[in-house]
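Protein chains in written order, with numbering that gives the first Met the number 0: chain A, 0 to 291; chain B, 0 to 291; chain C, 0 to 291; chain D, 0 to 291; chain E, 0 to 291; chain F, 0 to 291. Take a look at the structure below.
Number of protein chains: 6
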Amino acid sequence: MLSPNVETFLGCEAPFNEARIVLYGAPFDSTTSFRPGTRFASRIMRGESYGLETYSPYQDLDMEDAKVFDSGDLELCFGDAEKALKDIEMRVEEILEANKLPFMIGGEHLVSLGAIRAVARRYPDLHILHFDAHTDLRDEYLGTHLTHAGVIRRVWDIVGDGRIWQLGIRSGLREEFQWAREHTHLHKFDLKAMPQAMAALKGKPVYFTIDLDVMDPSVFPGTGTPEYGGVSFKELMEAAIAGCGLNVVGCDIVELSPGLDQSGASTAAALKILREMLLKLEEPFIKGPEQV
Amino acid sequence: MLSPNVETFLGCEAPFNEARIVLYGAPFDSTTSFRPGTRFASRIMRGESYGLETYSPYQDLDMEDAKVFDSGDLELCFGDAEKALKDIEMRVEEILEANKLPFMIGGEHLVSLGAIRAVARRYPDLHILHFDAHTDLRDEYLGTHLTHAGVIRRVWDIVGDGRIWQLGIRSGLREEFQWAREHTHLHKFDLKAMPQAMAALKGKPVYFTIDLDVMDPSVFPGTGTPEYGGVSFKELMEAAIAGCGLNVVGCDIVELSPGLDQSGASTAAALKILREMLLKLEEPFIKGPEQV
Amino acid sequence: MLSPNVETFLGCEAPFNEARIVLYGAPFDSTTSFRPGTRFASRIMRGESYGLETYSPYQDLDMEDAKVFDSGDLELCFGDAEKALKDIEMRVEEILEANKLPFMIGGEHLVSLGAIRAVARRYPDLHILHFDAHTDLRDEYLGTHLTHAGVIRRVWDIVGDGRIWQLGIRSGLREEFQWAREHTHLHKFDLKAMPQAMAALKGKPVYFTIDLDVMDPSVFPGTGTPEYGGVSFKELMEAAIAGCGLNVVGCDIVELSPGLDQSGASTAAALKILREMLLKLEEPFIKGPEQV
Amino acid sequence: MLSPNVETFLGCEAPFNEARIVLYGAPFDSTTSFRPGTRFASRIMRGESYGLETYSPYQDLDMEDAKVFDSGDLELCFGDAEKALKDIEMRVEEILEANKLPFMIGGEHLVSLGAIRAVARRYPDLHILHFDAHTDLRDEYLGTHLTHAGVIRRVWDIVGDGRIWQLGIRSGLREEFQWAREHTHLHKFDLKAMPQAMAALKGKPVYFTIDLDVMDPSVFPGTGTPEYGGVSFKELMEAAIAGCGLNVVGCDIVELSPGLDQSGASTAAALKILREMLLKLEEPFIKGPEQV
Amino acid sequence: MLSPNVETFLGCEAPFNEARIVLYGAPFDSTTSFRPGTRFASRIMRGESYGLETYSPYQDLDMEDAKVFDSGDLELCFGDAEKALKDIEMRVEEILEANKLPFMIGGEHLVSLGAIRAVARRYPDLHILHFDAHTDLRDEYLGTHLTHAGVIRRVWDIVGDGRIWQLGIRSGLREEFQWAREHTHLHKFDLKAMPQAMAALKGKPVYFTIDLDVMDPSVFPGTGTPEYGGVSFKELMEAAIAGCGLNVVGCDIVELSPGLDQSGASTAAALKILREMLLKLEEPFIKGPEQV
Amino acid sequence: MLSPNVETFLGCEAPFNEARIVLYGAPFDSTTSFRPGTRFASRIMRGESYGLETYSPYQDLDMEDAKVFDSGDLELCFGDAEKALKDIEMRVEEILEANKLPFMIGGEHLVSLGAIRAVARRYPDLHILHFDAHTDLRDEYLGTHLTHAGVIRRVWDIVGDGRIWQLGIRSGLREEFQWAREHTHLHKFDLKAMPQAMAALKGKPVYFTIDLDVMDPSVFPGTGTPEYGGVSFKELMEAAIAGCGLNVVGCDIVELSPGLDQSGASTAAALKILREMLLKLEEPFIKGPEQV
């Protein structure tokens, strides 16, 4: 008897019960202001993940030893951002209730808000680690408060002053940079403030959100708003691995728009970041906590 | 002294006061369920329109004799469909108040709803002439009532039974086709019912909305939901010219997604349809009404 | 508890036990002589199938009433054609043993040979209905006897003279056309010989293989060896539906190379052909045999 | 001892001395007003020609029996049209002096002027058979008299009134259409006037120039100025074969811009037209004149 | 009353009278020897500029405080380089007469010659700061003296020995490198000679011309002649800002070919360089001269 | 009398008898496991090579002084890897018998095996210098021992332990990395071990094989299995030049898949590596051995 066609990210085939991490896709890009297309990221990433190996020579760890479940993509409402955020929030609640770590593949950056609403309810002391090219601090954009250009401002509504670390930022309104001085820890241009952020966030429950456009467009052209002057792949990979050594209680990678890079390279970059993050998050369980 | 850089559709350079037709772009695609990108149609069409001639050998008419004003693109809210529709409605009201004919370049098909709301207020006996591959009659889709897959259903809320003529339809839910039997004049697969529709609509105020995907994807691949089995370019051109001989009080062409056809041909098809429609609408004024 | 991510062709979600038709993908293109890429067809088609509706207004039938199981893609050896054919043959045997109809999505045309080997063993009187732009009758090509340019020659090795009907053929060596005169029923350029073929094949067990490049490249550019002068979408759709009214005991559609048509239209064409074929094959079971 | 890498169009491998037809490429597109790229046509066509067969089932003739020499591409000056035309003229003179038929692969349409200058000197009674979407009758464009939008006007300077047959024309200035009434035989929209043209041109020395954009963009999107409403591939193929039955003393196909159609289909269309034209021109020599 | 559709580069909306800098596009690429397409750069850049912010976190300056007027694109003759250069020269004269700084967006590199002719007439002591991958010192190419491969040689005809600083050069004929030793200050491979160039050029009137292909193709693939081994985005940005601190009396950025980079990233790179240059040029007026 | 159309890599026009290096293309990609397309590399590279100059400012050497013969592409069997390898082996034997250096342009990496078989027969002490992103040490993959994922394992069958230096490796199975510890000199992530490799290989006969995907995908996206974290262009160029200073008795560059990078930049990168390698290999003959 033949089996149905199950498709997962490479090596994410643990049964739900045994998994420690649950992946889910959030194919939503309705508030994207410039070039849409991030809705296709999770589906394309799943299919292309078989071009990658399960083994990481960087961490000497193998996805075959990790316990990750891929719950597939949400079916989200286009054209009504609030409705989509609700559906994301519910999925995350379900994952948290099963005592698993929710790991989202965007979609545009606004989807992080849905996840963080649920995670913050469970972890009132939630802190945010945010890699991005853009400030994402607009209070309002073209008449709406729910926009990928303002997602971190909405997150601030929830977690408040001093809880948000923003790294790699190189684009925004003058007003956003000014506002950040009072309300967030914003570090411009690169990820060199990671040691400082790591020290400050140590032990806190952290939601780790990576807008992949923090990479330079020479590395990662497959994104809707390419912003030159970003970090290299290795810089991001190392900082992403480091961040996953924190007490991460939720995370996401967002803003891959695969159709904008027809070579497929941007998708490959996103997948390798994903693999390295999953392996680092799983490291204590693979090696035993004392080995880490 | 140098002039600022005004960009219009080819030959649409009449001053607002003298114009009889006002073009406007509605770059909105947030409810697109499959592949977004129609937001770029009006801007790309303007730039590419200089590949076309002003003269039509089909109608022996020249855009140089037409009086059309291009009011540019609206700046629409992404992620909140109702807000976007309001802004479209206001633009149309402004055009109607100046006693000019509003001609919209979409965007996805939902934008027609904003225009029709305004036009229907002014013309309570409004009828709809609708060319499309899809029924667009869904009452609800992924939890929202405002979706490009249901725009004609929402138009029906306004104009009611028997006022909507749908031609070229070849895709939809079974339920939509059943619903149409009671509420609209739906003709499947092609535009051969045009004489019948023309007879029925003669003298009525008509809003003419063309979803360009009524054309076969071999002709017009640059659209988000290509549906084979459609009409040829000449069939659409002839029917579109015919329709513009009615008492048209508002119209639009929608669903060109220029990035999906990198050859630029689909954009060229949309532009030629636009030119022929504008010329037919202007014919009585160019030739004098008695010549038509 | 969340479910794993099952991906199927639109509406092909019957449990294996209840299904009457079993789909399987054969992602193989190693012998493609010109431009490879058909290996991606089945995966891309699955993902894009959600742009289609389950309902056919042509046949007034709905995939929701069909019983089709999608068994996913085979994992085939690249670089060793014989090995790949063996794996296909085994999958087909498994499907036939369960008394279900095997329906393959290629891949290049050579994959049909694997399927036909298994089907012909079960149905010694097997006949072939073959739509294609190319003769596919080369005995040898670049030193090998297993090549997509000669698949029908290899099929002839199995079924022998007079059993193969070839329609739409418009490309080949002079020698192939000459050879065909003695051994197959070859009809050039279009599908107009279908009534004749239908009459001849009536009641016989038929393997129906459609090389999608039988369509004109204006309709279907997404194929490795585009050959102008082909049939329209409607001509193929009608002939494909007709053919599925025969006693079909196995079938396939091959040679979609999705990456060659970045508009996605060719994939949409293949999917609509697939839907219409599945519905026609299921029609006796949906309507009851006396209604057909 | 290994041989150098000779590249020719499929089956065009006759030694110069034995050849009756000489192909040459004219990679020039400097006056292209909209989207350049035709300079790549001849090189790309050579490489892709191996996707075609040498045998034509339409004419039952085989390139293996034809005597055609491919002299490669000219190296033309970009940015100085007159200089480029001179170089083309010289190549054609060389071919004519060897008593062979010059067959050019453009490039943009202006290149025809260089060839016709040489051919007209040898054949003072030269007539022109011209297939195109565009009138190409502008006397001046953006300040120059040498432009692809006016090439036929410049040809008229040489051959004068009544010698030029223009078919398929569907785009131009009003003034060009008016001018044509007095000076050329212009037939709009399609190739249905071919019998009339054939009768008029019978026995005359004819230069046959085909702007491939006479085909509809649904068939042939790979061209700089796509103009909908054109002819099908079969219509062009049949008319091109017919035209080659005249007393053709020079010919060309121009305006393929291969990069604009990334599927490669437009290149395949151009190649098949080329093959059929070459075969028809060679038919008297292959079959013996009495068989034609 | 609705306004006409004015399109400018982001934040370049000063009235002509108030502006200190005047932008103009020179869409010309007729002498491009390899892959044309730079003619589209200015139009595409205008449209895409809305993906950028007006504020620069690098310089802490905002385009909202700058006074820049966008005069749109010239309509240049294709196929006659001298004619096109004349039109560019006239536009620059007009800008200089109004005592404004001319800033050109190419087009291929030859367009700089038109601008420099006008600027050199006004500033007899003109020096040139030239960033490029290529020497551009050919005296003649394919029979013409006006070619993008020799534009700096033609500039040398005007300004003479020792006035031209060439940085980043990594491609050219052996003879060009030799010639440069006697006539220009040529620095190979990178921009490290900027301090030296800055010192030498201090106080002189400088025309600053940046061939964007000075960037590595990994950063900037959207150019006709990609040449590996180039500078990073940050290196160019910093050197471009530095150069704009000189006494710049004219400048340009050239050789973006947007169609060659379908991700849009190359266009984004060009735009960010443009923004930073404009801000630096405006800095004395925004901050007051004493603050710089 | 006109000459036939000979096409070679830029500057590789020496007669066979005079040449010291013989280029040959191996257009084969049948075992490619992910995205095929490397079969087009040699043909596209030839055509695009005219965008490069013959002169290298890096080495101050000019291809005009080199003696390289381009023998064109082999016509290889698709679908039967062993057959293709045989044909490659025979070509290499022919070149070696003429006492010339064979330089292959792939194709996928498996083609190296054919060349190395012939070279190893002539040079029993053959060593291998291997740059790659991938280990290529799989013994078996999808049921075959001949696969591009295991080519170096097959090479090891021939040359044995300790003879293979692998640099830049950053992807593979855990088992492959383990296996390498015993059998090859594998250096991860970059080319920094070159001095060590150079010392060890000094004087030995070396086959130098470069899988171009050793470069980072930001530099070289045009390859079937992009693997981030690779080396820069300059790093590869310098190491490739260094390696060509060894006693190289055969070499190749493989795995360019030009269609995956539509900007053409990846092809330009491959060509520049090729030029620099050829120049270094020719340096002793151009300068005289004592000058090197």
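By construction, the Cβ of each residue, glycine as well, lies at the ideal position given by its N, Cα and C atoms.
- With a threshold of 9 Å between beta carbons, M44 of chain A makes no contact with chain C.
- Between the stretch 194 to 205 of chain D and the stretch 240 to 255 of chain D there are three or more C-beta pairs closer than 8 Å, enough to call the two in contact.
- Per DSSP, the continuous alpha helix (DSSP H) segment holding M276 of chain A begins and ends at 264 to 286.
- About 6 Å separates the Cβ atoms of S111 of chain A and V150 of chain A, confirming a contact at the 8 Å cut-off.
- Using a CB distance cut-off of 9 Å, S256 of chain B does not count as an interface residue toward chain E.
- In the structure shown, M103 of chain A adopts extended strand secondary structure according to DSSP, grouped into three states.
- DSSP places S2 of chain A in the coil class of the three-state scheme, outside both helix and strand.
- When the beta-carbon positions are compared, S70 of chain C and G71 of chain A stay at least 9 Å from each other.
- At a Cβ-Cβ threshold of 9 Å, V213 of chain A and A132 of chain A count as neighbours.
- Contact with chain E is found for P56 of chain F, since one of that chain's Cβ atoms lies less than 9 Å from the residue's Cβ.
- Going by DSSP, V205 of chain E is part of no alpha helix (DSSP H) but of the beta strand (DSSP E) stretching over 205 to 210.
- The alpha-carbon separation between T143 of chain C and E254 of chain A amounts to approximately 47 Å.
- With its beta carbon at least 9 Å from every one in chain A, A25 of chain B lies outside the interface.
- Proximity of chain E to D260 of chain A at the Cβ level (cut-off 7 Å) is accounted for by S262, in chain order.
- About 19 Å separates the beta carbon of I272 of chain B from that of I285 of chain B, a gap too long to meet the 8 Å contact definition.
- In this structure Q195 of chain A is exposed. Its beta-carbon is surrounded by fewer than 16 other beta-carbon atoms within 10 angstroms.
- Contact of Y227 of chain B with chain D is not assigned, every C-beta pair being separated by 9 Å or more.
- Taking every protein chain shown into account, the CB of R180 of chain F has fewer than 16 other CB atoms within 10 angstroms, so this residue is exposed.
- For Q177 of chain D, the number of other beta carbons within 10 angstroms of its own is below 16, and it is reported as exposed.
- Chain-order list of chain B residues neighbouring A268 of chain C: P216, S217, P225, Y227, by C-beta distance under 9 Å.
- Close CB contacts of L75 of chain B within its chain, under the 7 Å cut and outside five residues either way in sequence, are with A25, P26, F27, A83, D86 (chain order).
- For the stretch 145 to 195 of chain B, the continuous alpha helix (DSSP H) assignments of 4+ residues that do not extend past its boundaries occur at 150 to 158, 173 to 182, in sequence order.
- Looking at the backbone, the Cα of S55 of chain D and that of A80 of chain D are separated by about 37 Å.
- In the structure shown, the three-state DSSP call for L128 of chain C is strand.
- Leaving aside the five residues that flank L141 of chain E on each side, the residues in its chain whose CB is nearer than 8 Å to its CB run, in chain order, S32.
- Counted as a single uninterrupted DSSP element, the alpha helix (DSSP H) harbouring F232 of chain C occupies residues 232 to 242.
- Burial state of G46 of chain B is buried, judged by a 10 Å Cβ sphere holding 16 or more other Cβ atoms.
- Residue pairing for A25 of chain C: DSSP places it in a beta bridge opposite C:G105.
- Around S170 of chain F, the beta-carbon contacts reaching into chain A at under 7 Å are E52.
- What N4 of chain A touches in chain C, judged by beta-carbon distance under 8 Å, is V5, E6, T7, R45, D69, S70, G71, D72, going in chain order.
- Close partners of A80 of chain C in chain F (Cβ separation under 8 Å): G78, D79.
- In terms of Cβ geometry, R34 of chain C and T224 of chain C form a close pair [threshold 9 Å].
- The residue from E:F77, E:L9, E:V154 with its alpha-carbon nearest to that of Y49 of chain E is E:L9.
- Of all alpha-carbon atoms in E:Q165, E:L280, E:E107, the one lying nearest the alpha-carbon of T146 of chain E is that of E:E107.
- For G113 of chain B, no beta strand (DSSP E) segment is defined; the enclosing uninterrupted segment is the alpha helix (DSSP H) at 110 to 121.
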